[in-house]
Amino acid sequence: MLRRRSRLLDDAAHHPHLGPTRTYTPHPGAGTLPAHRFSIAALACYKQGERSRLIYRPKRHVDHKRGGRRSFTWTDYRDLLIAAHRQLGAPIVLVWDNLNVHKDRRLREFIDTHDWITCYFLPAYAPDLNPVEGIWSLLRRSSQANTAFTDPENLISTIRRGLRQIQYRSNLINGCLTETGLALTTSRRQRQ
Numbered sequence: 001m002l003r004r005r006s007r008l009l010d011d012a013a014h015h016p017h018l019g020p021t022r023t024y025t026p027h028p029g030a031g032t033l034p035a036h037r038f039s040i041a042a043l044a045c046y047k048q049g050e051r052s053r054l055i056y057r058p059k060r061h062v063d064h065k066r067g068g069r070r071s072f073t074w075t076d077y078r079d080l081l082i083a084a085h086r087q088l089g090a091p092i093v094l095v096w097d098n099l100n101v102h103k104d105r106r107l108r109e110f111i112d113t114h115d116w117i118t119c120y121f122l123p124a125y126a127p128d129l130n131p132v133e134g135i136w137s138l139l140r141r142s143s144q145a146n147t148a149f150t151d152p153e154n155l156i157s158t159i160r161r162g163l164r165q166i167q168y169r170s171n172l173i174n175g176c177l178t179e180t181g182l183a184l185t186t187s188r189r190q191r192q
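The following block contains the structure:
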């Protein structure tokens, strides 16, 4: 029963970074844009017989230059899982890569205490098995291709727009799963 109602989720984080950009101006320092950092975590959600979904959360890192964290924390991933569970309304089968925060003790404890999450890990160094890597590839080839960003806000809004376009086209999300060579199957025998 759990397997039939479950959704397969895959997660990967994308860290677009707009570094300090310099332009040639007659005044030194006048053409420097500040460096800002933000991250995006995404879940590709698949359920047999239903439309595939993409759930993502961006996060701006305001204090990354003063020693603050420059990526998602375990609480950010916990909150993303809770939001996905609410939005999907079904148990979650989570397939993660081996990112160190995914294996954080506190996040593992959270997953172990909730019966609506079942977690599996992909083999090490296997981005070709991760459908979300295909999402980032689509994003880079479409909305980010041949674009000169004027400022960090322009980059963020372009990425959000690109992810929204992918969200509305479930065939693209399905294609990312197909590209991995993986398929959704049930462990039960089907009646004929």
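With the first letter of the sequence shown counted as 1, position 126 gets the number 126 in UniProt numbering; the numbers rise by one all the way through. By construction, the Cβ of each residue, glycine as well, lies at the ideal position given by its N, Cα and C atoms.
Mind reading off the beta-carbon distance from residue i to residue j? Whole number of angstroms is fine, and I expect it under 8 Å.
i: residue 74; j: residue 107; result: 4 Å
i: residue 129; j: residue 94; result: Not confirmed; about 14 Å, so no contact.
i: residue 122; j: residue 97; result: 5 Å
i: residue 139; j: residue 46; result: With 8 Å as the limit, residue 139 and residue 46 do not qualify as a contact, their Cβ atoms being about 19 Å apart.
Over the uninterrupted beta strand (DSSP E) stretch that includes residue i, give me the two end residues.
i: residue 58; result: 53 to 61
i: residue 122; result: No beta strand (DSSP E) contains residue 122, which DSSP labels as neither H nor E.
Would you mind working out which of the options sits nearest residue i, comparing C-alpha positions?
i: residue 210; options: 126, 84, 164, 41; result: Outside the displayed span of the chain (1 to 192) sits residue 210, for which this structure offers no information.
i: residue 168; options: 97, 62, 55, 70; result: 55
i: residue 92; options: 118, 57, 43; result: 118
i: residue 82; options: 116, 179, 172; result: 116
i: residue 57; options: 123, 50, 84, 105; result: 84
i: residue 90; options: 165, 50, 141; result: 50
Starting from the C-beta of residue i, find all residues in its chain whose C-beta is less than 7 Å away, skip the five residues before and the five after it, and write them out in chain order.
i: residue 30; result: Because residue 30 sits at a pLDDT of 49, beneath the cut-off of 50, its placement in the model cannot be relied upon, and the following sentence gives the value as read from the coordinates. Taken in chain order, the list of residues that qualify is empty.
i: residue 72; result: 13, 39, 41, 59, 101
i: residue 78; result: 107, 110
i: residue 192; result: Legend: pLDDT at residue 192 = 43, less than 50; position of this residue unreliable, value from coordinates given subsequently. Excluding sequence neighbours, residue 192 sits near nothing in its chain.
i: residue 127; result: 133
i: residue 172; result: 138, 166
By Cβ distance below 6 Å, which residues in the same chain neighbour residue i in space, the five residues on each side in sequence not counted?
i: residue 147; result: none
i: residue 174; result: 52
i: residue 163; result: 56
Hey, quick one: how far does the alpha helix (DSSP H) through residue i stretch, first residue to last?
i: residue 101; result: Element bounds for residue 101: n/a, residue is neither H nor E.
i: residue 83; result: 74 to 88
i: residue 131; result: 131 to 141
i: residue 152; result: 152 to 167
i: residue 185; result: Neither: residue 185 is in no alpha helix (DSSP H) and is coded neither H nor E.
i: residue 175; result: 170 to 180
How many Å lie between residue i and residue j at the Cα?
i: residue 149; j: residue 161; result: 14 Å
i: residue 179; j: residue 134; result: 8 Å
i: residue 131; j: residue 43; result: 9 Å
i: residue 143; j: residue 76; result: 26 Å
i: residue 48; j: residue 125; result: 27 Å
i: residue 254; j: residue 37; result: With the chain covering 1 to 192 only, the question about residue 254 has no answer from this structure.
i: residue 80; j: residue 155; result: 22 Å
i: residue 112; j: residue 99; result: 18 Å
i: residue 165; j: residue 177; result: 17 Å
i: residue 141; j: residue 86; result: 31 Å
Return the chain-ordered list of same chain residues with a C-beta closer than 8 Å to the C-beta of residue i, the five sequence neighbours on each side being excluded.
i: residue 158; result: 143, 144, 147, 149
i: residue 153; result: none
i: residue 120; result: 93, 94, 95, 96
i: residue 170; result: 51, 52, 53
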